[in-house]
Structure formats: C-alpha cells, structure tokens
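Asker: In this note's numbering, the protein residues as written are 60 to 606. Note that CB positions come from ideal geometry on N, CA and C, so glycine has one too. Can you read through this structure? Questions will come right after.
In structure tokens form, the structure reads like this:
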C-alpha cells in the first residue's frame, strides 16, 4: 500500500519507499479470522441472535411501546385459517414452532420482539396473492419480511401478525446484457445479485453492509441508500418497474424494463420506501450499470471536520465523474473497530487522527484515474487539508480499507447494545450533532467507559448528507433514551434535516414523522394508505403515527 507522505508533494508522485504495506499489519494478516469482512458482516445478524437467545428473553415490542394497542378489528388465528394456508403451501413453507419463530419475531439487534404464531414462505407471486386476499377478507394482519436486517423494527411483528417471508422467492427472472436491466424475485439476496452481475460485467447500483443477508425486495420497500448512492443515485431512479401484490390480492404487474415511460402516474414510486404498508413487493426490475474496470480506494487522516468538507468539495471538482464514494468517520469509530474487531493497533495510518475519509474512484481507464487521484491527493497534502493517508494497491488492500468503514456498525454493538440514528443533515452542520449529543450525555453524567454510554460515534456518507449517529452503550436505559429523544429529532428539524435518511420509519420513528413532514403531507399519506389498504392489514402500527 502506498503511503501518502510529505515527499509525495515534493517529488510529484505518491512514493512507495518506506511505506507500510497492509500485508505487514495485523489488519490484513488476521482479516480472514476476524468478523470485519463482508462475509462475516453478512452472518452477523444470526450470530447476534444466537448469543442473545442463550440468555434472557428481550421484552416484547408491545411492552416497550405501550401507546400501541392491538387493533380490535383484527381476528385471532384459527384452525380454519391454518387449513387454508396448508391448502396452498407446502408443509416446509409453514412454521408454527415457537423456537423456529424466535429468529423471525426478533430483529437482528434484539431491540424489537414480536409475538407472531405463524410464518408463511410462499414461493410464487400467485401464492402471495392468495394469502393476502384471504387475510384481507378475514381481517388477519400481515408483516412482510425479507432478510430481517432492518434497524427500525419495520420487518418484525408488534403483536401476533402473520409473518410473510419472501425467502423462497429468490429467482433471477431475466437479464438484458445490452441495457443492463435485471428482473428478479423480491427474495433475492443483494450479494447474490451483485455476484451474478459481476459475471456479466455489471454491478448492482446499491451496496450495503448487510448485502449478504438483505433481500432486494426489502431494499426497495425501505428505499435503502448505501455506499454507492453518490455514484448511481437512489432506488427511485434505478428501479425500472415493480411487481406488487396489493392487500386485496390484486397483482400489480409493472415489471417494465423501459428507461422511459411517460404514460400515467408512476405507480412504482408509491411502493419504493413504503415499508410494506401498501402491499408486498414480489418482483423487481432494476437498471444495473457497467462494472468499473479501474477502482481505487484511499484512506485519509484529517484534523478537522472543516477539512473533511474541503476535501469533499475538491473531490467533486477534481475527481468528478470517477468519484464513486466519499465516506467519513471519526476517531471514536475507528477506535471501536480496533478494539473489538481487530487485535492490536491496526490503524493503517502512522498516527491517530480526529477524522478519517475513505474515497473510492471507479472508471474505465486506470492510467487516467490514477493520474487524477494522484493530483487530487497531492493537492490536499500541499494545502494541508490532509495530514496522512494510504492508497490500496491490490484487491486485498481495497477490501481491508472498506472493512474498516463497514465494520463500524458491528463494532458499536460489541459494548452491549447500541442506539442507532440515521439522519439527513446539511453538511456544514453535519458533525455538530455528534458534538452536541456528547455534551448532553456528559452533562447528565452518562458518558464514559464506566458510565451507561461508552462513546458516541459519527460516520456516514458525506456525498448525500447522511449521518449515522451511534451510541455504544452497555444496555438500554430509559435515562439515556430520554436524553437522546426527542432532542435528536428537534435538532434535526431545526436544521431542516430528515429524521430518517435511509433506514426508514418502522415502529421506531413513526411517532416522530411530524419533525420531517407537515400535517397536510401526513394526512395525504393516510388517505393513500386507506385507499390501498382500507382494512389496515399491511404492516400495522408502523410507518405512519398512530391517530
């Protein structure tokens, strides 16, 4: 790995002499044995559940949110209902075993716990249609569930809703190698799709830390953002069409592969980000871009958040069309990664820095891209915007640098539990939120290694103003929660931000929707919900605030 040093700006190139290679660091040497890699991240939710399951049972979501009451309009599951489901599904697609249901009643963070008595795993759109029609006619509430990797409790029941899993709907239906249009079932795992496209020379337009577990249908339903949004935009732009089953069983077939279709309302947009409250996504048509032939990754050490902003502004000017990611994280973030996921002092830079920036470029001409990146980095050094940095020289180093950034969420959870907030905030005041929350907790005597909250970390996507604000704590505490909420939402609203950037609303954030949306907008959302789901069977108690 090349080290970006003072000599670089004097000699006009990034020098190799004296640079530390990742192969000489424990970061690389132990990577296969540590849980920081993409593969390990993919299995983390199940591992988290296994460790928690051996201890005490977590409280039910309904007990943690006492303002939520089970709707009297929903009936209880009966033998007659079970007989119907058994008539259309194979025995292996129906689960009533309490032990089996635990993994699906609980989210991977062990923060939300439902009480469902039944999980159904249809394998076709027609089966989904039959199930929803029956549930709608018989007032049975349903929770759609993909990979169960969500962070706001949107994919697990609150009470005894039937879980409808898309896990058995996992076929790739078609791929057009000319246009890049991929059509697949909603239950396809994101990483599987990306690997399939890699063989064709294409790439999925989104990338998530949970890519080894999350389903594309769940990604669409939550309008997931991720690490490639800066380059390829949101799912509102890359999704070409959807197949959706409405609550009454109607199959809405809009699996278009056309990039331009200006006929009527663009109905697919209603379901992107609707979190399963309007219907169940069963099929997705998505535009996949060509996979870049030349990819570079650099990790930079920066002394202030103002310099992070300066580096980003210059990257837009000088890297422009090849810039594919611009991630930032603070020293508290990398300290947690080093403490919990990698043995010893594994920071690839020579010394600690208050802030870190991870930059990725993607293009088709390596020489051209290398020259642009080198000139950009030299300029940052010359102007003292960046104090140190490394550039990956091979695939292993590329993955190792990304592993630091992708390992932060897992590292935060290693202290015992973690409070997660996903916010859109104007970049100039981006990091003030982190500093303000540290000050509030410190003033309350709750921040410190021997206190309720070990540390507060900030990381995220500078390119789209998405801050991930995490509180690494020993346990969930009402005192900590009361310090954080609703202040975190009031602060966000005061600075014209959004209380949810990419994680969605679920049961966690729905009561706070008014901090980001006006009463008239919320009322219109209610009217849309009532029109498409008049009986309210789809993912109840979530998304929209209770009346």
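#1: When DSSP labels each residue in this structure, what does residue 365 get in the three-state scheme?
#2: So does the region 532 to 548 actually touch the region 501 to 510, counting three or more Cβ pairs closer than 8 angstroms?
#3: Whole-angstrom Cβ separation of residue 361 and residue 420, contact assumed at under 8 angstroms?
#4: On the three-state DSSP scale, how would you describe residue 169?
#5: Using only the alpha-carbon positions, how far apart do residue 224 and residue 247 sit?
#6: On the DSSP bridge list, what partners appear for residue 349?
#7: Could you tell me which of 517, 548, 340 sits nearest to residue 364, measuring between CA atoms?
#8: Which partner residues of residue 530 appear in the DSSP bridge assignment?
#9: Residue 336 and residue 601 - do their beta-carbons sit closer together than 9 angstroms?
#10: How far does the beta strand (DSSP E) with residue 232 in it reach, from first residue to last?
#11: Grouping DSSP H, G and I as helix and E and B as strand, with all else coil, what is residue 102?
#12: If you follow the alpha helix (DSSP H) that residue 396 is in, where does it begin and where does it stop?
#13: Checking the sheet assignment: what are the DSSP bridge partners for residue 302?
#14: Per DSSP, which one or two residues make a beta bridge with residue 179?
#15: Verify whether the separation of the beta carbon atoms of residue 359 and residue 370 is less than 9 angstroms.
#16: In chain order, what residues of the same chain have a beta carbon less than 6 angstroms from the beta carbon of residue 496, not counting five sequence neighbours either side?
#17: Can you give me the Cβ contacts of residue 470 inside the same chain, cut-off strictly under 6 angstroms, excluding the 5 residues immediately before and after it?
#18: Mind checking which residues open and close the alpha helix (DSSP H) that includes residue 185?
#19: Residue 546: buried (16+ other C-beta within 10 angstroms of its C-beta) or exposed?
#20: By the DSSP assignment, the beta strand (DSSP E) with residue 420 in it spans what residues?
#21: By the 10 Å Cβ neighbour count, where 16 or more other Cβ atoms means buried, how is residue 67 classified, buried or exposed?
#22: Pairing CB atoms from the region 376 to 385 with CB atoms from the region 284 to 302, are three or more of them under 8 angstroms?
#23: To the nearest whole angstrom, what separates the beta carbons of residue 174 and residue 216, a pair I think is in contact under 8 angstroms?
#24: From the DSSP output, in three-state form, read off residue 273 for me.
#25: Would you tell me roughly how many angstroms separate the C-alpha atoms of residue 597 and residue 204, rounded to the nearest one?
#26: Roughly how many angstroms lie between the CA atoms of residue 571 and residue 489, to the nearest whole one?
#27: Quick check on residue 604: does DSSP put it in helix, strand or coil?
#28: Among the candidates 447, 184, 587, 258, whose CA atom is the shortest distance from the CA of residue 226?
#29: When we look at the beta-carbon of residue 178 and count the other beta-carbons within 10 Å, is it buried (16 or more) or exposed?
#30: Excluding the 5 residues flanking residue 411 on each side, which residues of the same chain have their C-beta closer than 7 angstroms to its C-beta?
#31: Taking only three categories from DSSP, how would you classify residue 486?
#32: Go ahead and pull the three-state DSSP assignment for residue 253.
#33: Would you mind working out which of 170, 191, 243, 235 sits nearest residue 207, comparing C-alpha positions?
#34: Around the Cβ of residue 424, are there at least 16 other Cβ atoms within 10 angstroms (buried) or fewer (exposed)?
#35: Could you check the C-alpha separation between residue 581 and residue 129 for me, to the nearest Å?
#36: Flag this pair as yes or no: are the beta carbons of residue 567 and residue 212 separated by less than 9 angstroms?
Answerer: Quick answer:
#1: Annotated three-state conformation of residue 365 is helix, per DSSP.
#2: Judged by pairs of C-beta atoms under 8 angstroms, the region 532 to 548 touches the region 501 to 510, as three or more such pairs exist.
#3: Actually they do not touch by this definition, with Cβ atoms about 18 angstroms apart.
#4: DSSP places residue 169 in coil when its eight states are reduced to three.
#5: When rounded, the distance between both Cα atoms is 12 angstroms.
#6: The bridge partners DSSP lists for residue 349 are 261.
#7: Residue 517 is the option with its Cα nearest to residue 364.
#8: Paired residue(s): 478, 515.
#9: Going by C-beta atoms, residue 601 is nearer than 9 angstroms to residue 336.
#10: Segment 231 to 234, the beta strand (DSSP E) holding residue 232.
#11: With a pLDDT of 31 at residue 102, under the threshold of 50, the modelled position of that residue is not reliable, and no figure is offered here.
#12: Counting along the chain, the alpha helix (DSSP H) containing residue 396 begins and ends at 390 to 399.
#13: Residue 302 is bridged to 312, 342.
#14: According to DSSP, residue 179 bridges with 153, 223.
#15: Yes. Within cutoff.
#16: Result list for residue 496: 515, in chain order.
#17: Taking residue 470 as the centre and dropping the five residues before and after it, the same chain places the C-beta of 395, 396, 399, 400 closer than 6 angstroms to its C-beta, in chain order.
#18: It spans 184 to 196 - the alpha helix (DSSP H) in which residue 185 sits, taken as one unbroken run.
#19: Exposed: under 16 other Cβ atoms inside 10 Å.
#20: Looking at the DSSP string, the run of the beta strand (DSSP E) that includes residue 420 is 414 to 422.
#21: Low confidence applies here, because residue 67 scores a pLDDT of 39, under 50, leaving its location unreliable; read the following figure in that light. Using a 10 angstroms sphere on the CB of residue 67, the tally of other CB atoms reaches 16 or more, which defines it as buried.
#22: Taking 8 angstroms as the limit for Cβ pairs, the verdict is that the region 284 to 302 does touch the region 376 to 385.
#23: About 6 angstroms; that satisfies the 8 angstroms criterion.
#24: In this structure, DSSP gives residue 273 a state outside helix and strand, which the three-state scheme calls coil.
#25: Their backbone Cα atoms lie some 12 angstroms apart in a straight line.
#26: Each residue's Cα considered, the two are about 20 angstroms apart.
#27: Per DSSP, reduced to three states, the secondary structure at residue 604 is coil, with no helix or strand assignment.
#28: For the residues 447, 184, 587, 258, the minimum Cα distance to residue 226 belongs to 184.
#29: The residue in question, residue 178, is buried, as its Cβ has 16 or more Cβ neighbours within 10 Å.
#30: The beta carbon of residue 411 sits closer than 7 angstroms to those of 390, all from its chain and outside the five residues before and after it, given in chain order.
#31: Residue state, collapsed to three classes: helix.
#32: Judged by DSSP in its simplified three-state form, residue 253 adopts helix.
#33: If we check each option's Cα against that of residue 207, 170 comes out closest.
#34: Counting C-beta atoms within 10 angstroms of its own C-beta, residue 424 has fewer than 16 neighbours from the protein chains shown and is therefore classed as exposed.
#35: So the alpha carbons of these two residues sit roughly 22 angstroms apart.
#36: Yes, they are a contact pair.
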